[in-house]
């Protein structure tokens, strides 16, 4: 329940600042998480980005004011964060299908996007496969990059580039033998994100291998993962063309179904994306660093 309270507190902040500056840092602080973590949670739960939600709410309120007040279009544009009537008109047309002037005409159909609230929903979906494990400290090493939250570069692009230039294959070769605590069906190269603090509106991401005595870590970035409790969610077997869909489903169900009621909370948003192959089919595990709520 604490999770729901924090998430709704973040939505309250957004709603109170739709006519002003919305600081992502403040939104995240309301939810007691990082900016990156909040935006990921929000998009997986709602199927819309945080930026798009804010845009829709502002343009919904702008439409109401156009229909129910004598304010000039330029004043309404400025009120809801648009620098010019032209940019406002373009955004308004994109959402509502009509320009601001037409919105004032009687009988004009407009769209309304109400304020969201997070609630516990009882669904009849199939059971989630997960386990709670406490692991001692271990190390991973690999190819690290820090991304902008809303930048052009993405982790998917890093994977694509690293496959194309052979870096993934090299990292797998340098991984050596898998550490004994790992499932031997795992692949050699995985990913970890949000494992350290970076500048505001950025997050760290690494294509990584687990370090063992036979690993060759020269020229790679190495990080130590402290002893930690992990909530580990496993996918059903799938073919590789279903990878993106499988990942999105696991993330969505973790954030929307498990986390609100499990009695755990995330620790700094640290996550592993683990892949493997068993009996000719792929599987994914998502490891979330967690701790029990008080």
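Numbering (the numbering used here), first residue to last: 296 to 589.
Glycine included, every Cβ here is placed at the ideal spot set by N, Cα and C.
When DSSP labels each residue in this structure, what does residue i get in the three-state scheme?
i           : result
residue 395 : helix
residue 575 : coil
residue 580 : strand
residue 486 : strand
residue 529 : strand
residue 563 : strand
residue 431 : coil
residue 587 : strand
residue 426 : strand
residue 400 : coil
residue 549 : helix
residue 440 : strand
residue 415 : coil
residue 534 : coil
In chain order, what residues of the same chain have a beta carbon less than 8 Å from the beta carbon of residue i, not counting five sequence neighbours either side?
i           : result
residue 449 : 442
residue 543 : 339
residue 566 : 487, 488, 489, 581, 582, 583, 584
Could you say which of the options lies nearest to residue i if we only look at CA atoms?
i           : options            : result
residue 286 : 301, 328, 338, 356 : Because the chain is modelled from 296 through 589, residue 286 falls outside the range shown and cannot be assessed.
residue 540 : 517, 422, 579, 474 : 579
residue 514 : 467, 438, 508      : 438
residue 577 : 482, 344, 414      : 482
residue 507 : 473, 385, 364      : 473
residue 411 : 522, 302, 538, 532 : 302
residue 554 : 571, 337, 358, 538 : 337
residue 318 : 400, 496, 464, 559 : 496
residue 341 : 310, 354, 350, 413 : 413
Can you name, in chain order, every residue of its own chain whose Cβ lies under 7 Å from the Cβ of residue i, other than the five neighbours on each side?
i           : result
residue 360 : 366, 371
residue 403 : 393, 397
residue 519 : 432, 434
residue 314 : 374, 375
residue 428 : 525, 527
residue 297 : 588
residue 560 : 298, 585, 586, 588
Buried or exposed for residue i, going by 16 or more other Cβ atoms inside 10 Å?
i           : result
residue 334 : buried
residue 470 : buried
residue 436 : buried
residue 510 : buried
residue 306 : buried
residue 564 : buried
residue 352 : buried
residue 548 : buried
residue 568 : buried
Which same chain residues end up closer than 6 Å to residue i when comparing Cβ atoms and leaving out the 5 residues on each side of it in sequence?
i           : result
residue 368 : 380, 395
residue 383 : 372, 377
residue 529 : 424, 580
residue 573 : 480
residue 571 : 480, 481, 482, 578
residue 407 : 355
Is the shortest distance between the beta-carbon of residue i and the beta-carbons of chain D less than 8 Å?
i           : result
residue 487 : Protein chains in the displayed structure number just one, and chain D is not present.
Inset, instruction - Please go through the region 317-381 and give each complete alpha helix (DSSP H) segment of 4 or more residues, from N-terminal end onward. - result: If only complete runs of 4 or more residues are kept, the region 317-381 shows the alpha helix (DSSP H) at 319-325, 330-341, 345-363, 368-374, in order along the chain.
Legend entry - 4 or more residues per run - each alpha helix (DSSP H) lying fully within the region 453-527: If only complete runs of 4 or more residues are kept, the region 453-527 shows the alpha helix (DSSP H) at 462-470, in order along the chain.
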